[in-house]
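*Asks:* This structure is in structure tokens; I'll ask about it shortly.
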Amino acid sequence: MEEPNYSTTSALPGEIWAECFAHLKMADHKSLAQTCHFFHDICLSFIFKSITYRSELKCESNSFPSQLEQLYLQIEWFNQIVLNPQHAPLVRKCTLVYSFHLGPSVQPHRAENAKMANKDFLGTLLKALPLFINLKEFHVDFLNVMDTVILAALAAHPSIKLVSFPRVIFGDHYLNPRLKLQKLHIGDTRDVKDLKDGNVSEKLLDLFSGPHLELVEVVSRTYSHKLFRALAKQGASHNLLYLSFELKPQDIGVLYAFLVTCPNLQYIHWDTNVPLGTVLPLPQSTIPHLQAYQGGPAAAGAWIPGRPVWKAVVHGSWDKSTVVEMHVDKRSRETRHAGSANGLSDRDDEYRVTTYIRGGVTVSGNHRGRHQRTKSNTPP
1 MEEPNYSTTS
11 ALPGEIWAEC
21 FAHLKMADHK
31 SLAQTCHFFH
41 DICLSFIFKS
51 ITYRSELKCE
61 SNSFPSQLEQ
71 LYLQIEWFNQ
81 IVLNPQHAPL
91 VRKCTLVYSF
101 HLGPSVQPHR
111 AENAKMANKD
121 FLGTLLKALP
131 LFINLKEFHV
141 DFLNVMDTVI
151 LAALAAHPSI
161 KLVSFPRVIF
171 GDHYLNPRLK
181 LQKLHIGDTR
191 DVKDLKDGNV
201 SEKLLDLFSG
211 PHLELVEVVS
221 RTYSHKLFRA
231 LAKQGASHNL
241 LYLSFELKPQ
251 DIGVLYAFLV
261 TCPNLQYIHW
271 DTNVPLGTVL
281 PLPQSTIPHL
291 QAYQGGPAAA
301 GAWIPGRPVW
311 KAVVHGSWDK
321 STVVEMHVDK
331 RSRETRHAGS
341 ANGLSDRDDE
351 YRVTTYIRGG
361 VTVSGNHRGR
371 HQRTKSNTPP
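Under full-length UniProt numbering, residues 1 to 380 are what the sequence shown spells out, in order.
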């Protein structure tokens, strides 16, 4: 590795170099890390920013010995990062991919070897988490029943802000202390099958601290009502701004009880392929600051009127008799200040937003009655 040409590298601040390198691929980062000490230090932050720790043992085939060999190589690679005081603090995001299956005809000595390797894999992860002092995100793709010890280790980590469970089976539904997260994702919109429940009889999924959450996305009819019950029982979720969920129609009462505890919610997305009948309107005191909605027409008609919604995306095909026209009076503080500077009165600042919704097409009004027509398949 060469010493850097400081007359060249110092021509731009390190932050500018980092911004440029952010657009490169991982292979480029690894190549540039070998050029000089200056580029090496910049590239390391990209190389170790996101890592994946993987174990997918399926102990019933002839390839089983090679699976064990690959697993121990994975553990060795992971340990090299964990035990390096320069590399471990660079990890911001860690993804755990895990599955473990012992077939009924596996020979006893092979089964013992598999169990030992599995124990080593999970033990290495638990030792690593405290050493990732700057870890912000943890993603869990866990095909077995979720290990409570891992959840407890995540709850003890001081810097984790986001945890996602695209695939998970929760066995234990209680955790003390709870995970204190800002963002929580359960389920995967790309997965047609819903998540399995490891404890059907439990009514609550009480693993997460409600007062800390700012964003909740629970794409699972299996767990959404359990999570909502648990969060509502904890009291007000003042910080929650964004809520996206799948829910069985018969659990809407649980949802309404939870929404009462979300006074500052601004965005709501009900993802459902089941046609809903009548949806009872929410009391005006519930989610009074709602600004954006995405979902079906029944909930749109029940939740949007009377709230300062400026954008809505409604799924489904509607005929002319079912087009919803909503008039929402809204006052913009930013425009009021700008209006005062231009000699406009407070009355000039008031404007009316008219939203026409048909088949996933949103038409939303801007200031002075101008309208913008947009198609959207993404959250507003």
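Think of the CB as a built atom: it goes at the ideal place given N, C-alpha and C, for glycine as much as any other residue. Predicted, not measured: the structure shown is a model, and the values here were computed from it.
Apart from the five residues just before and just after GLY210, which ones in its own chain have a Cβ nearer than 6 Å to its Cβ?
*Replies:* Excluding positions up to five away in sequence, the list reads LEU231, GLN234 and SER237.
*Asks:* Quick check: ARG92 and LEU135, are their CB atoms within less than 8 Å of each other?
*Replies:* Yes; because the gap between Cβ atoms is below 8 Å, this pair is in contact.
*Asks:* For LEU207, name the three-state secondary structure that DSSP assigns.
*Replies:* It is a strand residue.
*Asks:* By a C-beta neighbour count over all protein chains shown, 10 Å radius and 16 as the cutoff for buried, is ASP206 buried or exposed?
*Replies:* Buried is the call here.
*Asks:* Between ASP141 and TYR174, which are expected to be in contact by the criterion C-beta below 8 Å, what is the C-beta distance as a whole number of angstroms?
*Replies:* The Cβ separation is near 23 Å, so there is no contact.
*Asks:* Which ranges would you report for the beta strand (DSSP E) in the stretch 80 to 167 if only whole runs of at least 3 residues count?
*Replies:* Here the runs fully enclosed are 93 to 102 and 137 to 145.
*Asks:* Does the Cβ of MET116 have 16 or more other Cβ atoms within 10 Å, making it buried, or fewer, making it exposed?
*Replies:* Exposed is the call here.
*Asks:* Taking C-alpha atoms, which residue in LYS183, ASN199 and ARG190 lies nearest to ILE169?
*Replies:* Taking only the C-alpha atoms, the option nearest ILE169 is ASN199.
*Asks:* Which same chain residues, not among the five before or five after ARG229, have their C-beta less than 7 Å away from its C-beta?
*Replies:* These residues qualify, in order along the chain: LYS203, LEU204 and VAL254.
*Asks:* So, using beta-carbon positions, are LEU241 and TYR267 closer together than 8 Å?
*Replies:* For LEU241 and TYR267, yes; Cβs fall inside 8 Å.
*Asks:* Would you mind giving the Cβ-Cβ distance between LYS161 and LEU181, rounded to the nearest angstrom? I have them listed as a contact below 8 Å.
*Replies:* Between LEU181 and LYS161 the Cβ distance is about 6 Å, and since that is below 8 Å, they are a contact.
*Asks:* Hey, quick one: how far does the alpha helix (DSSP H) through GLY253 stretch, first residue to last?
*Replies:* Taken as a continuous stretch (DSSP letters only), the alpha helix (DSSP H) holding GLY253 covers 252 to 259.
*Asks:* What did DSSP end up calling HIS315 once you bin it into helix, strand or coil?
*Replies:* Note: HIS315 maps to coil in three-state DSSP.
*Asks:* Distance check for THR222 and LYS183, CA to CA, integer angstroms please.
*Replies:* Distance between the alpha carbons of LYS183 and THR222: 19 Å.
*Asks:* Closest by CA to PRO288, which one among PRO305, GLY187 and PHE64?
*Replies:* Taking only the C-alpha atoms, the option nearest PRO288 is PRO305.
*Asks:* Answer yes or no: do HIS139 and LEU96 have a C-beta to C-beta separation smaller than 8 Å?
*Replies:* Yes; because the gap between Cβ atoms is below 8 Å, this pair is in contact.
*Asks:* Give the secondary structure of PHE170 by DSSP, where H, G and I count as helix, E and B as strand, and everything else as coil.
*Replies:* Coil, per DSSP.
*Asks:* As a quick exercise: from CYS262, LEU280 and ASN239, pick the residue whose alpha carbon is nearest that of ASP251.
*Replies:* The option with the nearest alpha carbon to ASP251 is LEU280.
*Asks:* Excluding the 5 residues preceding and the 5 following ASN79 in the sequence, name in chain order all residues of the same chain whose CB lies nearer than 7 Å to its CB.
*Replies:* Taken in chain order, the residues that qualify are THR124.
*Asks:* Alpha carbon to alpha carbon, how far is ILE75 from residue 403? Give it in angstroms, no decimals.
*Replies:* The chain is shown from 1 up to 380; residue 403 falls before or after that span and cannot be answered.
*Asks:* Using CA atoms only, rank isn't needed, just tell me which of GLU137, ARG167, GLY295 and LEU129 is closest to ILE150.
*Replies:* Comparing Cα-Cα distances from ILE150 to each of GLU137, ARG167, GLY295 and LEU129, the minimum goes to LEU129.
*Asks:* Can you give me the C-alpha to C-alpha distance between GLN291 and THR52, rounded to a whole angstrom?
*Replies:* Their Cα atoms are separated by approximately 37 Å.
*Asks:* In the DSSP output, what is THR272 paired with across the bridge?
*Replies:* According to DSSP, THR272 bridges with nothing at all.
*Asks:* Counting contacts by CB-CB distance shorter than 8 Å, is LEU276 in contact with chain B?
*Replies:* In summary, chain B is missing from the structure at hand, where a single protein chain is found.
*Asks:* Would GLU325 be called buried (16 or more neighbouring beta carbons within 10 Å of its own) or exposed?
*Replies:* Legend: pLDDT at GLU325 = 39, less than 50; position of this residue unreliable, value from coordinates given subsequently. Label assigned to GLU325: exposed.
*Asks:* Going by DSSP, name the residue or residues bridged to CYS59.
*Replies:* CYS59 pairs with LEU102.
*Asks:* Mapping the DSSP letters down to three states, classify GLY301 as helix, strand or coil.
*Replies:* Helix, per DSSP.
*Asks:* Would you decide whether VAL192 is buried or exposed? Buried here means 16 or more other CB atoms lie within 10 Å of its CB.
*Replies:* Flag for VAL192 reads exposed.
*Asks:* With a cut-off of 8 Å on the beta carbons, I'd call PHE48 and LEU90 a contact; round off their distance for me.
*Replies:* Their Cβ separation, rounded to whole angstroms, is 4 Å, which keeps PHE48 and LEU90 in contact under 8 Å.
*Asks:* I think GLY171 touches SER220, with their Cβ atoms under 8 Å apart; what is that distance to the nearest whole Å?
*Replies:* So it is not a contact: roughly 15 Å between Cβ atoms.
*Asks:* Can you tell me whether THR355 is buried or exposed, with buried defined as 16 or more other CB within 10 angstroms of its CB?
*Replies:* Only weak support is given to the placement of THR355: the predicted model assigns it a pLDDT of 43, under 50, and the value that follows is read from those uncertain coordinates. Answer is buried; the Cβ neighbour count reaches 16.
*Asks:* Looking at the secondary structure, which residues open and close the beta strand (DSSP E) in which LYS183 lies?
*Replies:* Counting along the chain, the beta strand (DSSP E) containing LYS183 begins and ends at 183 to 186.
*Asks:* Straight-line CA distance for TYR72 to ARG54?
*Replies:* Approximately 11 Å, taken between the alpha carbons.
*Asks:* Would you check if the distance between the CB atom of GLU60 and the CB atom of SER105 is smaller than 8 Å?
*Replies:* Cβ distance < 8 Å, so GLU60 and SER105 count as in contact.
*Asks:* To the nearest angstrom, how far is it from the Cα of SER66 to the Cα of VAL314?
*Replies:* Going from the Cα of SER66 to the Cα of VAL314 covers about 51 Å.
*Asks:* Using the beta-carbon count (16 or more within 10 Å), is LYS119 buried or exposed?
*Replies:* Answer is exposed; the Cβ neighbour count stays below 16.
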